[in-house]
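**Q**
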Amino acid sequence: MKGTFGAGFSQFYIPEIQRFHFPYGLTYKMGDTLYYADEIAVPFLDTPVPTVGSVWLDSIDRSTNTCVVGLHTVPDAEALSNATKAFFKNIISNASISETEKKERLAEIETQLQSRSFFHINTFGEYHMDYEKGWPLSISFQIEVQVDAQHPQVRRNVNSIRYERVL
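Numbering (the numbering used here), first residue to last: 1 to 167.
#1: Out of curiosity, what's the CA-to-CA distance linking F44 and S63?
#2: Look up E132 in the DSSP assignment and say whether it is helix, strand or coil.
#3: Who does A107 pair with in a DSSP beta bridge?
#4: Name, in chain order, the residues that DSSP records as bridge partners for F124.
#5: In chain order, what residues of the same chain have a beta carbon less than 6 Å from the beta carbon of F124, not counting five sequence neighbours either side?
#6: Report the three-state DSSP secondary structure of H21 (helix, strand or coil).
#7: Going by the CB atoms, is the gap between A79 and P50 shorter than 8 Å?
#8: Where do the N-terminal and C-terminal ends of the alpha helix (DSSP H) with A173 fall, by residue?
#9: For the putative contact between K102 and S93, defined by C-beta atoms under 8 Å, what is the C-beta separation to the nearest angstrom?
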């Protein structure tokens, strides 16, 4: 079902969702994707990393008066790579090793992370909303972190967070 809506959902959607970290507009169409700039905090990096986010109205179930809003964010690859390099450079610079060894290690890091990041992050979210009243019924997120250590084995960690609001 494709169509514009602007009833209770949009009246509550904007202020409620802004508390989490998103964005713009008062009406959406089914299937339309809204792209926006955001930032995420990566635990061991000093500065937030810019991301490109997207949000869309995924489905409406008129029988239960609910709808699902999807979310996907991906950090800017260059910014994540630069922040990762800065993190490792800081560790190496403060290490108790000779200046020659520091220079060698810094050169290794620069070579290994020349055009890519040490890891990649994808965040996927779903907001299950009351379509008429506009409040979230449940919010679930999945964060995928893929570590690429230039090793024969690539390690992937998947963390899930689920939040449910009791009505």
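Yeah, the Cβ is synthetic: ideal placement off N, Cα and C, and Gly gets one too.
**A** Looking at the coordinates:
#1: 45 Å
#2: coil
#3: According to DSSP, which records beta bridges pairwise, A107 is partnered with nothing at all.
#4: H72, Q142
#5: H72, Q142
#6: Below a pLDDT of 50, predicted positions are generally treated as unreliable, and H21, at 33, falls in that range; the measurement from the model is reported next regardless. Reduced to three states, the DSSP call for H21 is coil.
#7: Remark: C-beta atoms of P50 and A79 approach each other more closely than 8 Å.
#8: Summary: the structure shown does not reach residue 173, with the chain confined to residues 1 through 167, and so no result is reported for it.
#9: 7 Å
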